[in-house]
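Chains as they are written, first to last, in my numbering: chain B, 1373 to 1922; chain C, 2 to 299.
Just so it is clear, CB atoms sit at the ideal spot from N, CA and C, and this is done for glycine as well.
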Ligand SMILES: Nc1ncnc2c1ncn2[C@@H]1O[C@H](COP(=O)(O)OP(=O)(O)OP(=O)(O)O)[C@@H](O)[C@H]1O
Ligand SMILES: [Mg+2]
């Protein structure tokens, strides 16, 4: 019995691996269950170890080649730099969370938090000053080292410079005299031209020599010794932390939502008492206006959310949400249309010109078109009911928290999704039509013998038999959609990974390049998982061994 | 009076310029509750003939009638068992049959449907494989599933296109008995295509050979007047069985030769290399009585 249950687990696992398309993990699972160990180990070596070695090789090559190429945004980041960028982005995200929490804290909790943050801050500041001192010292020492290294070059440079200046002067005088001689017909013009040429070459040579020395010095200056870098980095890190704690404290005190409301309430109370006391009609009106405007402000402040800065993780979630919205629009349109096309040659003939003309249109064009069209639907998106509902903190009349509020849906998301839908539509449509029209004649004969009605024929025969191809189309659609979306976001600055990449490209900080490469990996990994999901779905609906998936 | 009638039917495929005449001048009339077997060579047009009877194929010329009315479209009354099984690959055996039963008998309760499915799946000895998808079954198992589905329609006319061709001798004889049993107890009309002369003589009232294509037509029929029930055990000694068998076999062999000559255009003399004796060289035990053997279907 134990044997068979073990077998059950084994074959269950193997089946799952097969369905999800992670065939690579087949040998290790078999090995764990002790099936033909030699063969499994050979397979593992061939299909797991070798590929891993290859990937590592690629990473090493990257690591080796990256620093050799200098660009305007610094050297191409190495894998380690990209990993650092990932960690920095994580920290940034966590800090945003902490600030958001601080902004919304109320009452005693806030008081406790203030105390904790303050205590931490004292510690941190102490540490920061220490580290700053260390860093300063290290910089001083390092600077001396640099100066020492530069000094001889500098003297050499100055000497050479003075020497060359003299020489240039001499050559100039010579040329002048030669010119005079020519005027007196004592020399030929050829001689002068040769002399001028010689002068130029000499000057150029001198300049290159000087320039070389200068670059040498610059290099020494721009590449401070490691200990300086380390000390500065440590100091900066803590200084950064201090900065963050100060900001947090800010959000716990003057920037806190509750405290802002309290302040406004106090103001109103003061205004009201002044209103009662005032005698001058102008003053009375002014106080009354002030009360009303402050009351409005209270309502707004109480509803306010922490103005989060978009992190790469938030952008990722937003992109995923957008691609799915677009993908579902595409599927909802494409599948019924595709079925109609496949069933009816006339409909197919009607749609063919439309498909043929619009399918090759570039996503960029769709993006611009949808940007204009969608924009016209929402002249004032802030107050539009759709976005108010979608971004409301709660759903179902306040019963549950709104799970999609964090997405901050806006028209940009809608036109990005529409662009995705427009481009993802075609593969799904064409494949569905193909799947439906290629339905086995024998299966239709079964339907005829059973006298199935139109709808049972559709749902019992046509759709199940075309489902594998439909899903093959949807898989392509999702892949296309994801690619198009990132480009669309970059182009239209609509929130998402594309915008993140574009912003990084534009702002050009020291970490931008690493961030762009990080985004590249995130886009790739998510694309990979989206494809996996579709593969699994496709295998689940295919009825003939799953071999329909290539 | 004939129940099922093919009247002067031609069937051809393709455009006028490149027409293949598959069947020409077919006349067949089947009486109610009669069992007719059609035999013919591969590609002669047997399945096309079946499609005609089932209403899946319109005749190019002539009429096909059932009970005096022209058959215009297929329906569950004309229960066709497809030669290539045509099981729906995304449904299990049980679900395939359920779809048929539910469509044809919409008034049955859930339990009645399940019972009906169970009955026919049992009959073809597939109870253990009821939850399997067609691609998980062997060819013979698929054939039996298809037979079960056709039988479950409870059709007035059973049209069986080589229903047992993929089965082993044991299962085959058992299912022959089952089909005969259904035919005798429920009294219905059966047209069966087979490539096995023994099977035809054993089961049918009448055997109609189809000549070689193209332009195949039905040849002179053979009446099987042996009394029923026919006992498989003693059949081999029955003089009529022996006579019919050799007559039909000879006729078919003649057809084959004729068509070869036709194809060649002229007769090339061949050396006579026929074996002296048609009987098998060794004494192979013949399965005369299936009841005495343990059944090991599937
Ligand atoms: N739809 C079609 N279009 C063109 N030719 C067809 C069509 N259906 C059948 N045929 C032709 O008709 C002939 C008879 O086919 P059919 O399937 O009826 O043969 P069969 O006697 O059932 O053969 P088998 O015993 O191999 O099943 C074949 O030559 C085939 O090429
Ligand atoms: Mg056939």
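By the criterion of at least three beta-carbon pairs nearer than 8 Å, the region 1384-1396 of chain B is in contact with the region 1902-1912 of chain B. Against residue 87 of chain C, the close residues of chain B are 1814, 1815, 1817 and 1818, in the order they occur along the chain (beta-carbon pairs closer than 7 Å).
Under DSSP, residue 1867 of chain B shares a beta bridge with no residue. Taking 8 Å as the cut-off, the C-beta of residue 59 of chain C does not count as close to any heavy atom of ligand 1.
Interface criterion not met: the Cβ of residue 1908 of chain B is under 9 Å from no Cβ in chain C. Among the residues facing chain B, residue 167 of chain C is not included, as its CB has no counterpart in that chain under 9 Å away. Leaving aside the five residues that flank residue 100 of chain C on each side, the residues in its chain whose CB is nearer than 8 Å to its CB run, in chain order, 89 and 92. Membership of residue 38 of chain C in the beta strand (DSSP E) is indicated by the continuous run 36-41. A direct Cα-to-Cα measurement between residue 33 of chain C and residue 26 of chain C gives close to 23 Å.
Following the DSSP letters along the chain, one finds residue 1778 of chain B in no alpha helix (DSSP H), marked with neither H nor E. In this chain, the beta strand (DSSP E) harbouring residue 192 of chain C covers 190-195. DSSP, read as helix, strand or coil, puts residue 1838 of chain B in helix. Under the 9 Å criterion on CB atoms, residue 1821 of chain B is classed as interfacial with respect to chain C. Chain B has a Cβ within less than 9 Å of the Cβ of residue 136 of chain C. If you look at residue 1490 of chain B, you'll find it in the alpha helix (DSSP H) that goes 1479-1555. Boundaries for residue 11 of chain C: no alpha helix (DSSP H) harbours it, while the beta strand (DSSP E) harbouring it runs 3-14, taken from the DSSP string. When 7 Å is used as the limit between beta carbons, residue 105 of chain C is near these residues of chain B: 1822, in chain order. Sequence-distant Cβ neighbours of residue 1757 of chain B in its own chain, meaning closer than 6 Å and more than five residues away, do not exist here.
Within 10 angstroms of the beta-carbon of residue 1602 of chain B lie fewer than 16 other beta-carbons, which makes it exposed. Residue side-chain check: residue 14 of chain C places its Cβ nearer than 8 Å to a non-hydrogen atom of ligand 1. With the criterion set as a beta carbon lying under 8 Å from some beta carbon of chain C, the members of the region 1826-1852 of chain B are 1828, 1832, 1833, 1836, 1837 and 1839, in sequence order.
Residue burial is scored here from C-beta neighbours: residue 1495 of chain B has fewer than 16 other C-beta atoms within 10 angstroms and is therefore classed as exposed. Counting every other CB atom within 10 Å of its CB across the protein chains shown gives residue 1737 of chain B a total below 16, marking it as exposed. Short of 7 Å from the beta carbon of residue 181 of chain C, and not among the five residues preceding or following it, lie these beta carbons of its own chain, in chain order: 204.
Inter-residue distance for residue 1643 of chain B and residue 1658 of chain B is about 9 Å (C-alpha atoms, whole angstroms). One alpha carbon belongs to residue 1552 of chain B, the other to residue 1546 of chain B, and they sit about 10 Å apart. With a contact defined as Cβ atoms closer than 8 Å, residue 1451 of chain B and residue 1431 of chain B qualify at about 6 Å. The beta carbon of residue 1750 of chain B sits no closer than 9 Å to any beta carbon of chain C.
If the five residues before and after residue 1636 of chain B are omitted, its C-beta is found closer than 7 Å to the C-beta atoms of 1666, 1669, 1670 and 1673, all from its own chain and listed in chain order. Pairing residue 191 of chain C with residue 159 of chain C gives a Cβ-Cβ distance under 9 Å. In this structure the region 1739-1746 of chain B lies against the region 1856-1866 of chain B, because at least three pairs of beta carbons, one per stretch, are closer than 8 Å. Within chain C, the residues whose beta carbon sits less than 9 Å from that of residue 1915 of chain B are 89, 90, 91, 92, 134, 135 and 136, listed in sequence order. The shortest C-alpha to C-alpha distance from residue 246 of chain C to any of C:224, C:127, C:262 and C:69 is the one to C:224. Residue 48 of chain C has its CB nearer than 8 Å to a heavy atom of ligand 2.
In this structure residue 1802 of chain B is not in contact with residue 1870 of chain B, their Cβ atoms being roughly 26 Å apart against a cut-off of 8 Å.
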